[in-house]
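Chains as they are written, first to last, in my numbering: chain A, 1 to 341; chain B, 342 to 682; chain C, 683 to 1023; chain D, 1024 to 1364.
The C-beta atom is built at its ideal place from N, Cα and C for all residues, glycine as well.
See structure below.
There are 4 protein chains.
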Amino acid sequence: RWQCTRQIGCTQLVAGPTNSISDVAGVRVGHVTLAEGDVQTGVTAIVPNADNLFASPLCAGAAVLNGFAKPMGLTQLDELGILQTPIMLTNTFSVGRVYTGLVRYMLEQAPEAGREQATINPLVLECNDGYLNDQQAFAVSETMVHDALAAANTSFERGSVGAGRGMSCFGLKGGIGTSSRYIHQLDATLGVLVLANFGRLSALRLDGMALSEWIEPCLTQPTAQRDAGSIIIVMAIDAPLSARQLKRIAKRAGAGLGRLGSYWGHGSGDIALAFSTASQPCHDVDDSHIEELLCASAEGCEFAVLDALLQATPVQGFRGHSRSTLSDVLDKLAAQHGLSH
Amino acid sequence: RWQCTRQIGCTQLVAGPTNSISDVAGVRVGHVTLAEGDVQTGVTAIVPNADNLFASPLCAGAAVLNGFAKPMGLTQLDELGILQTPIMLTNTFSVGRVYTGLVRYMLEQAPEAGREQATINPLVLECNDGYLNDQQAFAVSETMVHDALAAANTSFERGSVGAGRGMSCFGLKGGIGTSSRYIHQLDATLGVLVLANFGRLSALRLDGMALSEWIEPCLTQPTAQRDAGSIIIVMAIDAPLSARQLKRIAKRAGAGLGRLGSYWGHGSGDIALAFSTASQPCHDVDDSHIEELLCASAEGCEFAVLDALLQATPVQGFRGHSRSTLSDVLDKLAAQHGLSH
Amino acid sequence: RWQCTRQIGCTQLVAGPTNSISDVAGVRVGHVTLAEGDVQTGVTAIVPNADNLFASPLCAGAAVLNGFAKPMGLTQLDELGILQTPIMLTNTFSVGRVYTGLVRYMLEQAPEAGREQATINPLVLECNDGYLNDQQAFAVSETMVHDALAAANTSFERGSVGAGRGMSCFGLKGGIGTSSRYIHQLDATLGVLVLANFGRLSALRLDGMALSEWIEPCLTQPTAQRDAGSIIIVMAIDAPLSARQLKRIAKRAGAGLGRLGSYWGHGSGDIALAFSTASQPCHDVDDSHIEELLCASAEGCEFAVLDALLQATPVQGFRGHSRSTLSDVLDKLAAQHGLSH
Amino acid sequence: RWQCTRQIGCTQLVAGPTNSISDVAGVRVGHVTLAEGDVQTGVTAIVPNADNLFASPLCAGAAVLNGFAKPMGLTQLDELGILQTPIMLTNTFSVGRVYTGLVRYMLEQAPEAGREQATINPLVLECNDGYLNDQQAFAVSETMVHDALAAANTSFERGSVGAGRGMSCFGLKGGIGTSSRYIHQLDATLGVLVLANFGRLSALRLDGMALSEWIEPCLTQPTAQRDAGSIIIVMAIDAPLSARQLKRIAKRAGAGLGRLGSYWGHGSGDIALAFSTASQPCHDVDDSHIEELLCASAEGCEFAVLDALLQATPVQGFRGHSRSTLSDVLDKLAAQHGLSH
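Right, here's the structure in full:
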């Protein structure tokens, strides 16, 4: 029920038709999900609209809210302001394999890269799913990058899938979530996809309310108040923007996380990235015009996380660890209090 | 009533004895307030405990959440990680005068500064109070720096005083607010003082609720949805911390702003700064120990802004502009809905 | 003689017609010089071509090579990537006065700034001339900003003038220097102006040679090996470039300083800034096209410093301190070794 | 001959006993070199003195001089200021494999990493050796990380070995170089190791002289003026320093590169990193004490690059490409001009 209505929270801006990152025309998402015993992990690919990103990169900017993280590709993205590959998400220990797989994939489009042409800057972002998944199994292989990219579609699953398979969020099951916001003044859409794996339950706020004391008794396992989380926030925008402006927009994801109770905990590698699907060369619009995109960034991030929490299905994995879902918890609470719907 | 109880919002951490930045031992605050006709502005000084900051600087770190701002002193603070002067707050056009006044003040302690000794790095932060105050009057003089510093006390006024005199916040009257949080695990106190001048009313969330439609009819003047705001957040902490750690802590103010509905708007120069009153040399504690300070930073900032809103008194100034106070609005709403207390 | 030929160093790129920042069409420079007894200081204004920078700002980017400095305006320049005022240079203690003077000057063009319009971001950069000038005299007044701006011309003095009056460089007399480089491939000119006040004599390299043992005996006063210097490097470019690219270009000034033997000493606030006089909106060219501008930045900075050294005239000032000039030293060395020319 | 004397350039500071990074007690270097046909590449490991870096990390700081690069590990290093693994160098396309290999290696020391403990932040830095090496062969395997680490020794080869096997520098053969500087005032040693793969021949300056017109005719193959280079600079220091100070020191490598004629070209990913072998916790010394370390950083970097150029042996590789060595060129020039030695 909560999964269908996606009703928690009040929103000021309007969502796009599917309330998903694919509301930005051409953006597709694909998953490879591994779910066997101790291995509960995967790979998620976010593919912008471009045919050949190496030949025709997109403007992009990133913000490191908290750098306890192992991202690959941000140094060059920051220097040049461009996105040159699809964006891959996976678990921390698999960043190397996905890096290599993504280089190999790009060579199909750019056979002289690293030879007569420059090298490639693979963009790989990660969270630590070590509570539910045995990262030491190194279950992700280089070829799964191709599989995730081949699976990319404008319609895609959320919740406990792809890189989100083993993720936790506020002591509940986390994973992949998405949302979008349409900005009338600019006739522009901002789409968000998150890999949500952050937050202490005691800090969670839903609609501004601290509910951890209600939620905790409903959990199937006591939640360790570990701070070894992270969140990756990826935004696509169909307005022409410069790298500097995209960085400003990406950064506002942090305000959205704050609304959920997050304080960007010490161990949480919180990274946001935004790219523009409008064609190159990048150019600045007047910054006063991006005001509503800043607002959409914060709200879109907040609601993409809520989506991840609500779409998640329960997962049991490494060492018997499991995570309850927010949907189940809300059902339990509703039943306890005799709410019908 | 709301001013006494300071009740809005639910808090997870414990406040210090006075719920003020002066709960950090030795930290004092002083104001000069100008309130005549079109001139509604002032100067606020935050004085750390040290006797002579030039000779014995404190470790400090700052985070620029949004750089649409005219701070003085952050470049050197970022390079060297130290605070060498008291922190002065004022309106944007007065930064130059306060800079000069602060240099002159420091020369009393360091008569060879800029001669045989190095120069001084004056720390001056500002917000734009141009809605209620005529900045073009250049009413702040160099000598008011001495006056504000001379007035510094552990007990101090909040609301529409000092640099906060002409400030607006979420379309309401803003100004000076303060709070503190005590961290049991570290036996440490984090104190916050804000100069709150940011936010669109339509974005405001109190306890997670969007109340602008209720608030707007209660205002004495229609609020322009201008984004020309800003907020300065100053934190004092009595634990030994390095500049790098203080920067991490300061940055979390952004999460607290997010909880109030802010998305760090384009025109809002949002800057946070934290200093440690523990003695030099700076040294790192294990970063995992600062977790609760990150949490306190977000929450302390949120509640210092609420304090600014609740302590503010109405101000009428430049071109007849005025701002209503949140306290008055809440009283009106309570009366309308027949609430007694 | 050395002042005419400006011959030291071998250059790879071609200078513009006047080998000065004014080779970038429309860029003008003006000075106010104070030279009486203990007061040996001044103000220098660099005025881009635009009629009204507040209404029509230019793209700009800055690089902080070493942040032991008190610049005003860089935070907003970094956030928004625009230059909104002329660039003012002065001594460290006078930054406040020049800030106020520059705000006042801009109000003539923007009478509603800080009222119905946003505030102004005054760009004021400084070096510490405390060896030759008594900064505690506070001899620079707010109105000198107008005077320096009124004096701005495409033909201007270099050496011991304006803000350069009291500056020292490698234990010699420093000050204002300029240069330009023409990039054939882009049909673009990069002009540089420096306020040179950095470097230890023992580190100086001319044409790669360490000459301090030859130079030191020629000095009229033993040089204190103080590290309390700084250098400000301002670049104008007539090619359309984004703020990100201008920042990349500005940064390369650091390589030029390295060629002179500098290692960006601890106490030396080394800051470089570049702006584009091409019209707005900013837009990216392909970054591979800026290669020659990076080269020109390093070389232009190196030669602008050499120009400052060679154009400087001797100054005696505060506490009887004086600095010899490189020209005089080279004349002495040439005479000692029987060189004729 | 030039290899033995390492005589080019004049130095102001004193080298340590072996003029190598291993003059910092305990620092060791190991190589795996691949040299067959089109494959001319390898892996180099720099191992600090610590027994278990995961349990007892070292303070570290990094500076990105030019971010056209694919480093792994800098985001977390910047946030936390610590080095948690040995530092691995390799070619660009092999970063992923080396990442995975380094994670696996660290698991031997930290078997619960990524499970009950936090994950690992592998530090992997790269240059593009695509002119001499076929990166698309993906010849580096995960296990070579172990081999390079097992080979680490205080005595180690330089030049065309390890990650340096296929590197080019100023159109000549580049590779691994090292140097050290002893700072008497601090009784401290700063050691440098570079992976040198940067620079256009036309820009090269030796002892301040532009010699490209002399060198070019001596080359066995015409040099493409490609800018697809990079340099990695790693510094070890045995003084106690904070991460902030180590970052300041690392950054000065850029001044050293400038002295060689580099302007940190667009395509050159120039990254410097410094770590302290003194024990934790990090703490600040007074920054004025690091002046000589800044000087040593610039000079040490300059001479480590010269060492790489002088130690390099000729390599022929991918597509028949080859690079001459500076030693051979200098021999030829000496012979042409009848110099004997």
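By the beta-carbon neighbour count (other beta carbons within 10 angstroms, threshold 16), Asp1310(D) is buried.
Contact between Arg456(B) and Gln998(C) is absent: CB atoms are separated by about 16 Å, not below the 8 Å threshold. Between the stretch 1071 to 1091 of chain D and the stretch 39 to 57 of chain A there are fewer than three C-beta pairs closer than 8 Å, too few to call the two in contact. Leu1148(D): not part of any alpha helix (DSSP H); member of the beta strand (DSSP E) spanning Leu1146 to Cys1150, first to last residue. At a beta-carbon threshold of 9 Å, none of the residues of chain D lie near His866(C); the nearest stands roughly 14 Å away.
Excluding sequence positions up to five before and after Gln799(C), its CB lies within less than 7 Å of the CB of Ala792, all in the same chain and listed in chain order. Sequence-ordered contacts of the stretch 251 to 275 of chain A with chain D read Gly267 [C-beta pairs closer than 7 Å]. Annotated as distal: Asn1072(D) and Ser1202(D), with beta-carbon spacing of 8 Å or more.
Residues of chain D with a Cβ closer than 8 Å to the Cβ of Ser620(B) do not exist; the shortest Cβ-Cβ separation is about 12 Å. Within the same chain, and ignoring the five residues on either side of His971(C) in sequence, the residues whose Cβ sits closer than 8 Å to its Cβ are Gln867 and Leu868. The stretch 253 to 262 of chain A makes contact with the stretch 196 to 206 of chain A: 3 or more CB pairs, one atom from each, lie closer than 8 Å.
Scanning its chain for C-beta atoms nearer than 7 Å, with the 5 sequence neighbours on each side dropped, one finds around Ser160(A) the residues Lys173, Gly175, Ala312, Thr313 and Val315, in chain order.
Proximity to Lys411(B) across Asp475(B), Ala639(B) and Ser571(B) peaks at Ser571(B), based on C-alpha coordinates. For a Cβ distance threshold of 7 Å, residue set Gly81, Ala243 and Arg244 of chain A lies close to Arg926(C), ordered along the chain. Under the three-state reduction of DSSP output, Ala236(A) falls in the strand class. Gly724(C) and Val714(C) do touch by the CB rule: their CB atoms are close to 5 Å apart, below 8 Å.
A distance below 7 Å between beta-carbons, with the five flanking residues on each side excluded, links Ile1238(D) to the following residues of its chain, in chain order: Leu1224 and Val1352. Apart from the 5 residues on each side of it in sequence, Phe1179(D) sits with its Cβ closer than 6 Å to the Cβ of Val1052 in its chain, given in chain order.
Residue-level contact check: Leu756(C) touches chain B, since one or more beta carbons of chain B fall below 8 Å from its beta carbon.
Annotation: Leu1333(D) to Ser1350(D) spans about 5 Å, alpha carbon to alpha carbon.
Within a 10 Å sphere around the beta-carbon of Ala1358(D) sit fewer than 16 other beta-carbons, which makes this residue exposed. Each of Leu125(A), Gln40(A), Leu102(A) and Asn91(A) was checked against the Cα of Leu74(A), and the nearest Cα belongs to Leu125(A).
Against chain A, the CB of Gly549(B) has a partner CB under 8 Å away; the residue lies at that interface. Asp134(A) does not reach chain C, its nearest Cβ partner there being about 42 Å away, counting only Cβ pairs nearer than 8 Å. If you compare the alpha carbons of Ile237(A), Ile271(A), Ser268(A) and Gly265(A) with that of Leu293(A), the shortest gap goes to Ile237(A). Contact between the stretch 441 to 451 of chain B and the stretch 477 to 489 of chain B is established, with three or more Cβ pairs separated by less than 8 Å. If you check the CB distance, Leu531(B) and Val575(B) do not come in under 8 Å. In this structure Gly608(B) is not in contact with Phe434(B), their Cβ atoms being roughly 16 Å apart against a cut-off of 8 Å.
Taking the C-beta atoms as reference points, Thr1108(D) is found nearer than 8 Å to Met1129(D).
Pairing Val355(B) with Ala529(B), the inter-Cα distance amounts to about 11 Å. The C-beta distance from Ala1327(D) to Gly1200(D) rounds to 4 Å, short enough to fall under 8 Å.
If you draw a straight line from the Cα of Leu877(C) to the Cα of Val777(C), it comes to about 15 Å. Asp811(C) and Ala386(B) have their C-alpha atoms spaced approximately 29 Å apart.
Residues of the stretch 434 to 456 of chain B with a C-beta atom less than 7 Å from some C-beta of chain C are Phe434, Val436, Gly437, Arg438, Tyr440, Thr441, Val444, Leu448, Gly455 and Arg456, listed in chain order. Identification of chain A residues near Arg546(B) by a Cβ-Cβ cut-off of 8 Å yields Gly208 and Arg259, ordered along the chain. Against chain C, the beta carbon of Leu1317(D) has neighbours under 8 Å at Tyr945, Trp946, Gly947 and His948, listed in chain order.
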